[in-house]
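Peer 1:
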Amino acid sequence: ITFRPTNHIVEADIKGFFDNVSHEKLMSFIRIRIKDTTMLTLIRKFLKAGYVDDELLVKPDAGTPQGSILSPILANIFLHYILDAWFERTVKNHIRGFCELVRYADDFVCVVQYADDAKCIERGFQNRFNKYDLEIHPTKSRNFSFGRFERENAKKQNRRANTFDFLGLTHYCDKSRKGNFKVARKTSRKKYVMKCKDMTDWLR
Numbered sequence: 055i056t057f058r059p060t061n062h063i064v065e066a067d068i069k070g071f072f073d074n075v076s077h078e079k080l081m082s083f084i085r086i087r088i089k090d091t092t093m094l095t096l097i098r099k100f101l102k103a104g105y106v107d108d109e110l111l112v113k114p115d116a117g118t119p120q121g122s123i124l125s126p127i128l129a130n131i132f133l134h135y136i137l138d139a140w141f142e143r144t145v146k147n148h149i150r151g152f153c154e155l156v157r158y159a160d161d162f163v164c165v166v167q168y169a170d171d172a173k174c175i176e177r178g179f180q181n182r183f184n185k186y187d188l189e190i191h192p193t194k195s196r197n198f199s200f201g202r203f204e205r206e207n208a209k210k211q212n213r214r215a216n217t218f219d220f221l222g223l224t225h226y227c228d229k230s231r232k233g234n235f236k237v238a239r240k241t242s243r244k245k246y247v248m249k250c251k252d253m254t255d256w257l258r
């Protein structure tokens, strides 16, 4: 963001991602690189193993078991094909300006140069995830201005400069000691309050 022509951020949240990953579609992606039938069978059994809820065994048709060491790997495989590869192959070839996707597990943001490209990408995310039986959370996703001109524009429009949270940090526009634009970061207030509450509960 600091060194590239970024003026907009598309922030998206996948609603209940780990609970709604299609087993069949995930297995089809895994089979692209893994041909060993024994390994494929073990992965399928892992997905179908289920969990105990109120002394009842539940075997879900979708989702990856949260808390398992395999779940993050399987989630990354799934998102590589439906998001990362699609973004590089399709999105970048259909917009006129700079854009880049930054993802960690199921958390991701997209930095964009032009407002019309940002709107196009936002719609593209919705259509892409719907194709794989996933949904973008309507209240946790947004498209907003951010970059080297954000503080100046916010003053002109008599509003607070936009910020965003990513990986537990709040990112905001600032200036270096030399007066140059930079993206500064601080611990997300929401995450900080949650951790303090968890610590208080544990101490009790």
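First residue of the sequence shown? That's 55 in the working numbering, and the numbers climb one at a time after it. Think of the CB as a built atom: it goes at the ideal place given N, C-alpha and C, for glycine as much as any other residue.
(1) Touch check for the stretch 84-94 and the stretch 140-158: three-plus C-beta pairs under 8 Å?
(2) In three-state DSSP terms, what is Phe152?
(3) Could you name the residues of the same chain whose beta carbon sits closer than 6 Å to that of Tyr226, not counting the 5 residues immediately before and after it, in chain order?
(4) Mapping the DSSP letters down to three states, classify Arg157 as helix, strand or coil.
(5) Which runs of the alpha helix (DSSP H) fall wholly inside the stretch 159-245 and span at least 4 residues, in chain order?
(6) At which residues does the alpha helix (DSSP H) containing Ala129 begin and terminate?
(7) State the beta-bridge partners of His62 as determined by DSSP.
(8) Go through its chain and collect everything with a Cβ distance to Ala129's Cβ below 8 Å, but skip five positions before and after it.
(9) Using a Cβ distance threshold of 8 Å, determine whether the stretch 195-206 contacts the stretch 58-72, with at least three qualifying pairs required.
(10) Following the continuous alpha helix (DSSP H) through Thr278, name the residue where it begins and the one where it ends.
(11) Distance check for Tyr168 and Ile131, CA to CA, integer angstroms please.
(12) If distances are taken between C-alpha atoms only, which option among Phe235, Lys232 and Asp219 comes closest to Ser242?
(13) State the DSSP-derived secondary structure class of Ile84, mapped to helix, strand or coil.
(14) Rounded to whole angstroms, how far is the Cβ of Asp138 from the Cβ of Leu155, which I believe are closer than 8 Å?
(15) Could you tell me the alpha carbon to alpha carbon distance between Ala215 and Lys229, rounded to whole angstroms?
(16) Report the residue from Pro59, Tyr186, Phe83 and Asp255 whose alpha carbon sits nearest the alpha carbon of Gly151.
(17) May I ask you to list the residues that DSSP assigns as paired with Ser76?
Peer 2: Once the coordinates are examined:
(1) A contact is defined here as three or more CB-CB pairs under 8 Å, and the stretch 84-94 fails this definition with respect to the stretch 140-158.
(2) Residue mapping note: residue 152 aligns to position 98 of the sequence shown, counting from 1. In the structure shown, Phe152 sits in coil (DSSP, three-state: anything other than H, G, I, E or B).
(3) If you number the sequence shown from 1, residue 226 lands on position 172. Thr217 and Ala238, listed in sequence order.
(4) The sequence position of residue 157 within the sequence shown is 103, counting from 1. Looking at Arg157 - three-state DSSP - the assignment turns out to be strand.
(5) Those alpha helix (DSSP H) runs which fall completely within the stretch 159-245 and span 4+ residues are 169-185 and 204-210.
(6) Here residue 129 corresponds to residue number 75 of the sequence shown, with the count starting at 1. Element bounds for Ala129: Ser125 to Leu133.
(7) Within the sequence shown, the letter at position 8 stands for residue 62. According to DSSP, His62 bridges with Val166 and Ser199.
(8) As a working note, residue 129 is residue 75 in the sequence shown. Within the same chain, Phe71, Phe72, Val75, Thr118, Ala159 and Asp160 come within 8 Å of Ala129 by CB-CB distance, once the 5 residues on both sides are set aside.
(9) Three or more Cβ pairs closer than 8 Å define a contact, and the stretch 195-206 meets that threshold against the stretch 58-72.
(10) A query on residue 278 cannot be resolved here, the shown segment of the chain reaching from 55 to 258 and no further.
(11) Here residue 131 is taken as the residue at index 77 of the sequence shown, counted from 1. Here residue 168 is taken as the residue at index 114 of the sequence shown, counted from 1. When rounded, the separation of the alpha-carbon atoms in Ile131 and Tyr168 is 30 Å.
(12) In the sequence shown, the residue the question calls residue 242 occupies position 188. The shortest C-alpha separation from Ser242 is found at Asp219.
(13) Here residue 84 corresponds to residue number 30 of the sequence shown, with the count starting at 1. Note: Ile84 maps to helix in three-state DSSP.
(14) Taking the sequence shown and counting its residues from 1, one reaches residue 138 at position 84. Taking the sequence shown and counting its residues from 1, one reaches residue 155 at position 101. About 7 Å; that satisfies the 8 Å criterion.
(15) Looking up residue 215 in the sequence shown gives position 161. Looking up residue 229 in the sequence shown gives position 175. About 13 Å.
(16) Here residue 151 refers to the residue found at position 97 when the sequence shown is read from its first residue. The residue with the shortest Cα to Cα distance from Gly151 is Pro59.
(17) Mapped onto the sequence shown, residue 76 falls at position 22. According to DSSP, Ser76 bridges with Ala116.
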